[in-house]
Amino acid sequence: MADHWIIRPLICVLIVIVTQVHASDWTPITFLPNAISKGAVCLDGSPPAYYFRKGSGDGVDNWVIFLEGGGWCASNKGCLDRTNISTGSTKLKGKRHYFKDILSSNHTINPDFYNWNRVYVGYCDGSSYTGDVEENTYPIRRGAKIFDVVMEDMLAKGMKNAKNAILSGGSAGAWGAILHCDGFRSLIPKASRVKCISDSGFFIHAKNLYGAKKREEYFADLIAYHRSNKFLPASCTSKMNASLCLFPENIVKDIKTPIFFLESAFDYYQLKEHYFSDDPTWKICVNNLTVCTSTQLQIMKDYRATFIKELEEVKSSSTGIFVHSCYRHGHLHEREGWDKSPILGNKTVAEAIGDWYFDRSSFQEIDTQNELPQDCVALS
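Position in the sequence shown counted from 1, then plus 356, gives you our numbering.
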């Protein structure tokens, strides 16, 4: 009995300690009401918002910024629908956000960036932070202005003195990180190391695969509706239609700042939403791999081959690459996509990004063992 009485207080202490560690990553929302006068507002007119944790110790002058994703809207109806959800209005964002993985303050989970200044930017413009429609139309399309005012606020909070910095994003946010990568670097010219991370943002044109014309048309509508063309690299728009310059394969070569591409060779979102198949059973297949036909699995093989080819063609010596075969979309906000990720080159995603960022080693690994998507329930 005495032993039990000794153990119970110890268990209670451990529970309290664990709770405190995890509770410290709950981060309150910060609104920017002054941005309204600058025209930097969400689709519904609400002010931009972000979640911020101040750096400490030797991370006080280092910054990691993550741009939230969540698809796009390319029409009045699509963007009006978004004004009723959190990706179109900060009024509907959570009052707190839990910082995980690359934003975690847990040294074990996030040894390289745990004490940096960490920022999670709320997505509410439907254009990957590129829209710039000046007229007072509704929904309001000012994604580029949102990015600018958030960066201004970060500079005022100390990012102007940054020594190391990362601009990252997931999905549509990764697209924003790619398009703003060099511009972000120019904001902090005295920083010794600035790099970008695309998490599931390498959306391929795949002109050899079904639906290429529809992919082009959708992005053309997106650019026209948000007037995003002015934020696309002139090195691309001078050579081809602007709708093709939203595909990273056509712009990455011209981006000077190093980028790490964290991707699945079988990206769930792209296969589900961007393949545009006329096969009525395709959506059933992408939602349940076990019922896919041999023809449908061949389509996935062809997608994988095209994805890898496109990425290989644009990489440089400074590019980071981690391409696995797990059937998923998004990584940096789930442990299964961070320190508990699949292993490539004997490294997890967390280890690969840390080594690449700090130049401890280069990292360009693509899973060549699996020609079909893997249902990675347990990724460690």
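Every residue gets a Cβ at the ideal spot worked out from N, C-alpha and C, and that includes glycine.
For residue j and residue i, believed in contact at Cβ under 8 Å, the rounded distance
i	j	result
Leu-565	Thr-662	6 Å
Leu-399	Asp-481	6 Å
Val-416	Leu-459	That belief does not hold up - the Cβ atoms of Val-416 and Leu-459 are roughly 16 Å apart, past 8 Å.
Thr-675	Pro-604	Going by Cβ atoms, the distance from Thr-675 to Pro-604 rounds to 11 Å, so no, they are not a contact pair.
Phe-455	Ile-553	Not quite, the Cβ-Cβ distance comes to about 16 Å (not below 8 Å), so this is no contact.
Val-679	Leu-667	7 Å
Phe-422	Val-477	7 Å
Pro-729	Leu-600	Pro-729 to Leu-600, Cβ: 27 Å. No contact.
Ser-620	His-685	7 Å
Under the three-state DSSP convention, the category residue i falls into
i	result
Val-642	helix
Pro-604	helix
Ala-562	coil
Phe-455	coil
Ala-405	strand
Gly-529	helix
Gly-676	strand
Glu-721	strand
Ser-397	Checking the displayed sequence, the identity of residue 397 turns out to be Val instead of Ser. Note: Val-397 maps to coil in three-state DSSP.
Pro-389	helix
Gly-514	coil
Asp-481	coil
Tyr-624	helix
Ala-661	helix
Val-489	coil
Ala-430	coil
Tyr-631	coil
Thr-446	helix
Burial state of residue i, where buried means 16 or more other Cβ atoms lie within 10 Å
i	result
Asp-381	buried
Lys-449	buried
Pro-389	exposed
Thr-493	exposed
Gly-525	buried
Asn-432	exposed
Ala-528	buried
Val-647	exposed
Pro-545	exposed
Ala-562	buried
Ser-402	buried
Thr-649	exposed
DSSP beta-bridge partners of residue i
i	result
Arg-474	Arg-409, Val-420
Pro-384	Arg-452
Phe-616	Ile-553, Gly-676
Cys-682	Gln-730
Ser-524	Phe-422, Ile-553
Leu-700	Lys-703
Next on the checklist: Just to confirm the assignment: which complete beta strand (DSSP E) runs, minimum length 3, are found wholly within the segment 546-596?
Outcome noted: 549-555
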